[in-house]
Amino acid sequence: MAPRHRPSAFEVSFPDEVRDVVMGDPEDSGQSRQFHLNNGSGSAGSTSTTLGKRRSEGLGDVRSAKRRQLPEGCYYRKSKRDHIEVEDEDLVILGEDPDPEDGSDEKPIRELDSFVIFDPKHRNELVTLDALEQDDGLDRQFEAVGHVRPYFLSDEDEGQEDDVEAPQIVHLSAILRFTVNYTEDTEPFYIETQYAWYVLKSPSKLYEPFYEFFYTPRRIAQMVVSRALDNPQESFAGFLNRFTSKVDIFCHTYVEKDLWESVTTIQEAIMEDEASRKIMNVPFVKKILQRAPTPIDTSRRRPAQPERRQLRQSIKKYKKSTIDTEVLKPENQNPTCVTPRIAKLSEGLFRERLMVIGSAPPPIDKAEEEARKAKAFTTLKQLIAKAKRAKKTIDYRKNDRVSVSSGLYTAVKIDGTLYSRGDVALLPNPTVMKLVNEGTVHPDSESRIDEFFWFARIIYVMVETQTVHLQWFNHGSQTIIGELANPQELFLSELCGHESLHTIAGKVTVHLEPKNPSVVKPDEYFCKLVHEPAQGSFTSLDFERLKIASSQDPPNNCPVCPLVEIRDLEVDARELKDDGHLNGVAFAGTRYHLEDFVLYRGGDKGPANIGYITDIKFLKKRPVKVTMRRVGRIADLKDALPKHIMKDERHLYLTDEEVVVDVRELLRVIYVPAKESFSEPNARLEDWLDLCDDHFYLSYSFPAMTVRSWEDRRRIKCEELNVCKECLRDRLSMRKQMYEFLDGMESKKLQTLDIFGGVGAFSRGIAEGSGCLEPTHSIEIAPSAAMTLEHNHPGMKVYNQCANEMLRYFIKSEQGHQIDTPKQYFDGKTPVPPPPKRNKIDVITAGFPCQSHSTLNMYKHAEDIKSNLILTTLSYMDYFSPAFGYFENVPGFLNFSLNASQVNQHRVTGGIEKGGLKLLIRALLDMNYQVRFALLQAAHYGTPQRRIRFFLVAAKQDQVLPELPQPTHDFHDAKMLTIKSDAPQEPVAPIRMTRGTTLHYGVTIGDAIWDLPRFDCVQKERRRRALTIPALECKTSEPYCGFSGQIGYHDEPKTRYQQNARLVPTTDIQQYTKSLIPIKVER
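Numbering-wise, the numbering used here comes out as the position in the sequence shown, counting from 1, plus 83.
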């Protein structure tokens, strides 16, 4: 059976727990049935409507009565709200390849979750799988209902999407047998039906005791046998220590008693294995078997039944590894390699023992640390005592007065301590201090000043009101970084205000942008960045603005107040005049002129409306009114648009209709010249449109927005379309500067390293979108992806290796160590290319593996080593210190908690919430990067798909931090793009979500691919469409069916998306579908 392809978001269901089991039976007469449930190993049984069962072989049951006890009289009853499909040969599981590529009759392997197993012949009574092998004198049949999805050979095939649909609930046909492979610790348990094998995941809530009864002893036997084969010298103490650290799927930590209660099953499992003698001689196994009720007679070893051998062979064939899946297996993963800096920052946050490449961080001097804590605690108690005093002694000095007539001062004495302009004062957090005064909160030696006090920079002092004007800082713990923040780091905010001098409790030393923050004294602080919570950004201090502000006399020396005044002014519309004549309006930071094309708010669907300003009226005590000619989009004409005219999203038409709107409805200026103003080759229309998303063009005018006939159009000439010369001049100047910049970058593009390269899409997309990057090096572990990458990028250095191994190789080589050159995984022989020079990498891109974070990954593990690749990513940033970093992941990354605990197969809990994000930001800030992050929706930027991703951009403090783009295309999505934080601030929401504000309509699937050639598969009954659509034979011997080569398109491009897709001639169209067997084609 061929491996399953990676499912789309639409194809895969993500099951929640379905309570499809009910206690009791409404038809039950009160007589509950007692099953004879023996603890047999059940390696292979068989059942159908007439079951071939075997009786217990007399090994006895040493488990306690409590362990054997099961709920009585439990029945399955279908929930009316569930849509349940029936398993048969025509069942389609979303995301599953429908047929084997080799044409064989191998059954597919699927996953069964939230399941219940019952006997339909006895009123759907719940039964355990043990009963498959027991003869209780009843004619039994075993069926199951649960959530079904495809089984993936590698979790690299799943988790790529983060949007999920409702689970697919299936009623299975009769269960034939179950199988347990005791020799492989990670091998799941299987059941088989007539149509498929199913990997058993977790039961429904009320079926748990039945499945636990069956699962626990077999799982323990699996751990014993597999461990004995892998570690034949292990002692009982060593095994027990390992055993009692494990948690089962029911979130129970194993204890020694579990081992003794399962000894019978362990004994049977050993008897069935061909290496039973070898297993029995393992020290810890000998100890366990001493508790067996009867000794094992190896001469009477019960061989594994034929059905079990057949099943194992089929599963092995189905799961036949490719080199891609082999390198991704957990047992083939390398330890996580980190630099000393990242090792120090991540200390105590990850369970894995990290491999530090370089000198380990120096150990903490405990005595020195305790002395520091004691001193800090004393200082904190003194500050709290001062804060409790409502009145303080305030003294002023004449020399500190700004002027004779002014009541403003640059300094003041509070209780004998001098506070001057620029000092950082401590003000009590009123919420926390109230708890202190009530005796609810008690500071101790672990408490910090930032937990009780706020930080603010003194701007000036006002004598009459005994107040001080302050600019606030945010301590790192008050930002989204939370508990992972550097306890000495502050972030300047764009907030200022007045506070009473009597609230000031003390002051601290704060270093602005120190060269080396690590040398700042323990009782001092530093500030390198400005934090804007709602924007999700940490940006460099604007020292020029701070310098200008500080050079002014109070009250003009506040760097924040001018920004506040500007925002206040933007609320009111202002006249714009040219030679004394009204020429426009300035509002909300934008200047609108007569004869400008503008966007104004549309409805709750679609993009913004478009208008052409013809008049502006300022009215007394009423909002400014703007009169516009309405402008339509050619793509909206639909039936009136001739077939040969492309539905170009940039093509507009002018109308004679007028609309009057409030100035507050205006959104932005757009740029719309007449098409006739472009003359090839010096002035190309496409160059104009490529420059910016807000560039459009006009060809025609119509009498009204509703166009009844294409013949009603009138061609617009250049001279009749007046535009604002000032705005157009600025735009043309910008275009010239952009071209000059891009021309200059051609010879000095930023060399880029992609550390989880895949086939190169992420780094190549950034490179092509910016025109500034050149992906020169890429690391990719999967051989097929690496070879594809190398084929498509001949000049790129591709390292087909583990990112951890390459980090170790890069660092050790640069340090002059003798180290073997790793080999490319694709052949195991070719050495990887030489390491890049540290000073030659300008950008690092990393779409670090997302499977452990995706909501589609139902089976999350707290110890998933792939989650630790975030440390590898940060270590690359630390080692190469590039100017920029671009990171991408699924939204589930925001829920990645550090040091979480396993609750069950599906969920981890506890730990540091959003710990992955917090550590990512903290580490980048520690490396002197600015940071900006957000959730972006792909459909907002002209792609025909719904896909939300987390993005983070980092730039060194001496670089310009790139902005994240606002949506250009309309798209309705109920999922918000806000990132909630546990910090006492508003959520991160830098991306505008309001509909009726974007430039363009969203791009649909039809907009993207409607021009591709059509084809159908040959069928027994020819359909009417076969007269116009070619029918191709679907050969199961071939992997695909469809067109290839240069065969042309179905039609001329009808949309700009289709036109852009043809900018580079297609040499192989690859219009394929999966080859299906005839019965599937007919269906």
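Where is the CB? At the ideal position from N, CA and C, for every residue including glycine.
The region 706 to 782 is shown to contain whole beta strand (DSSP E) runs of 3 or more residues at 734 to 745, 749 to 753, in chain order. Membership of alanine 787 in any beta strand (DSSP E) is not indicated, and neither H nor E is assigned to it by DSSP.
Straight-line measurement puts the Cα of glutamate 351 at about 9 angstroms from the Cα of alanine 304.
The count of Cβ pairs closer than 8 angstroms, one atom from the region 1015 to 1029 and one from the region 1082 to 1099, reaches three, so the stretches are in contact. With fewer than 16 neighbouring CB atoms inside 10 Å of its own CB, glutamine 316 falls in the exposed class.
Runs of the alpha helix (DSSP H) lying entirely within the region 1097 to 1141, each at least 4 residues long, are absent. In this structure, DSSP gives methionine 438 an extended state, which the three-state scheme calls strand. Across the set Asp1009, Cys1117, Phe556, Lys1118, the C-alpha of Asp1009 shows the shortest separation from the C-alpha of proline 600. Linking lysine 604 to phenylalanine 319 through their CA atoms gives a straight-line distance of about 51 angstroms. In this structure, arginine 301 and threonine 377 do not form a Cβ contact; the two beta carbons are roughly 20 angstroms apart against a cut-off of 8 angstroms. About 4 angstroms separates the beta carbons of proline 916 and lysine 880, which is inside the 8 angstroms limit, making them a contact pair.
In this structure isoleucine 693 is buried. Its beta-carbon is surrounded by 16 or more other beta-carbon atoms within 10 angstroms. The Cβ-Cβ distance between histidine 594 and phenylalanine 574 does not fall below 8 angstroms. Between threonine 266 and leucine 312, the C-beta spacing is below 8 angstroms.
Note that the region 820 to 837 does not touch the region 797 to 804; fewer than 3 beta-carbon pairs, one per stretch, sit closer than 8 angstroms. Taking lysine 1001 as the centre and dropping the five residues before and after it, the same chain places the C-beta of Ile564, Gly565, Leu567 closer than 6 angstroms to its C-beta, in chain order. Beta-bridge annotation (DSSP): arginine 657 is paired with Ala669.
For the options Asp739, Arg325, Leu702, Glu295, the alpha carbon positioned closest to that of valine 790 is the one of Asp739. Judged by DSSP secondary structure, methionine 545 falls within the beta strand (DSSP E) whose first and last residues are 536 to 545.
Inter-segment contact for the region 496 to 503 and the region 515 to 531 is absent: fewer than three beta-carbon pairs are separated by less than 8 angstroms. For the options Val439, Asp448, Pro511, the alpha carbon positioned closest to that of alanine 468 is the one of Pro511. By the Cβ criterion, the region 651 to 658 is not in contact with the region 719 to 732, since fewer than three pairs of Cβ atoms, one from each stretch, lie closer than 8 angstroms. Non-local beta-carbon contacts of phenylalanine 680 in its own chain, meaning distances under 6 angstroms to residues more than five positions away in sequence, involve Tyr695, Ile753, Val755 in chain order.
For glutamine 350, the enclosing alpha helix (DSSP H) begins and ends at 346 to 355. For serine 528, the number of other beta carbons within 10 angstroms of its own is below 16, and it is reported as exposed.
Distance from the CA atom of valine 746 to the CA atom of lysine 708, rounded to whole angstroms, is 6 angstroms. Aspartate 1009: member of the alpha helix (DSSP H) spanning 998 to 1009, first to last residue. The residue among Thr928, Ile1130, Gly1131 with its C-alpha nearest the C-alpha of alanine 1038 is Thr928. Note that the C-beta distance between phenylalanine 1054 and leucine 977 is not below 8 angstroms. Glutamine 834 sits in a strand when the DSSP states are folded into three classes.
DSSP places phenylalanine 979 outside both helix and strand once states are collapsed to three, so it counts as coil.
Counting other Cβ atoms within 10 Å of its Cβ, cysteine 157 reaches 16 or more and is therefore classed as buried. Taking the C-beta atoms as reference points, valine 421 is found no nearer than 8 angstroms to leucine 836. Secondary structure at arginine 1075: coil, using DSSP grouped into helix, strand and coil. Counting along the chain, phenylalanine 909 sits inside no alpha helix (DSSP H), nor does DSSP assign it H or E at all.
One alpha carbon belongs to serine 1064, the other to glutamate 996, and they sit about 9 angstroms apart.
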